[in-house]
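Participant: Numbered according to my numbering, the sequence shown spans residues 181 to 355. The structure follows.
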Amino acid sequence: MESKGSTIRLGIFILIGSILFLVAVFLLGNKQSLFSSTFEVKAYFSTIEGLRKGALVRLSGIEVGNVNDLRIMKDSLATVEVTLRLVADIKPFLKEDTRASIETEGLVGNKVIVLHVGSNASKQIESGGTIQADDPLNFGALVNEAKGTLEYTKDMAKNLAEIVAKVNEGSGSIG
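Here it is as structure tokens:
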């Protein structure tokens, strides 16, 4: 009889231990801090260019949190609400004129949020407050503009080569 009770206690102990282990793995996998307090702020972007939930948030190159949620706003389909979960230690550095931008990290192209500290004269952002957002560069539009500039440059070089050839032949006049 006593061995049956020991077996049940052992089973309960193993079950509770397994549950605690799974919770710890889940929280660490989501990059949530188990022992430090956090707070949330929001930023609104017109496009997020591949930013994902769980992406890093950095302040002065230091990891200070992650992207907790991404939501398209119902009232404006051109706006994406990004919720940032940040460690409470940086709260004094976040002012009303702090700016958030989406940047590419390394060669792989992972997107991160970079916070740019505001001025000391500004008031501190409260938990649940909003950080001003700078929209990311649209590399597709930049490449298309560069293509147009390159085509224009090629046409100018071709025209210049034709003019130089005519001058060398003695046909045409300069001045």
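Where is the CB? At the ideal position from N, CA and C, for every residue including glycine.
Hey, is the segment 222 to 230 in contact with the segment 266 to 282, meaning 3+ C-beta pairs nearer than 8 Å?
Facilitator: Yes: at least three Cβ pairs fall under 8 Å.
Participant: Would you tell me roughly how many angstroms separate the C-alpha atoms of LYS184 and ILE196, rounded to the nearest one?
Facilitator: Cα to Cα, the separation comes out at about 19 Å.
Participant: When you compare the segment 266 to 278 with the segment 306 to 317, are there three or more beta-carbon pairs, one atom per stretch, that lie closer than 8 Å?
Facilitator: Yes, they touch.
Participant: By the DSSP assignment, the beta strand (DSSP E) with LYS291 in it spans what residues?
Facilitator: 290 to 296 is the extent of the beta strand (DSSP E) around LYS291.
Participant: Look at the Cβ atom of LEU239, then the Cβ atom of LEU190, and state whether they are nearer than 8 Å.
Facilitator: No, they are not a contact pair.
Participant: Going by beta-carbon coordinates alone, are ASP249 and LYS233 separated by less than 8 Å?
Facilitator: It is a contact, given that the beta carbons lie within the stated cut-off.
Participant: How close, in whole Å, do the beta carbons of GLU261 and MET253 come, if the pair is a contact with beta carbons under 8 Å?
Facilitator: So it is a contact: roughly 6 Å between Cβ atoms.
Participant: Suppose contacts are defined by Cβ-Cβ distances below 8 Å. Is GLY241 in contact with VAL267 by that definition?
Facilitator: It is not a contact, given that the beta carbons lie outside the stated cut-off.
Participant: For LYS303, which of VAL323, PRO272, PRO316 and ASN324 has the nearest alpha-carbon?
Facilitator: The shortest C-alpha separation from LYS303 is found at PRO272.
Participant: When you compare the CB positions of ALA235 and VAL247, do they come within less than 8 Å of one another, or not?
Facilitator: A contact, by the Cβ cut-off of 8 Å.
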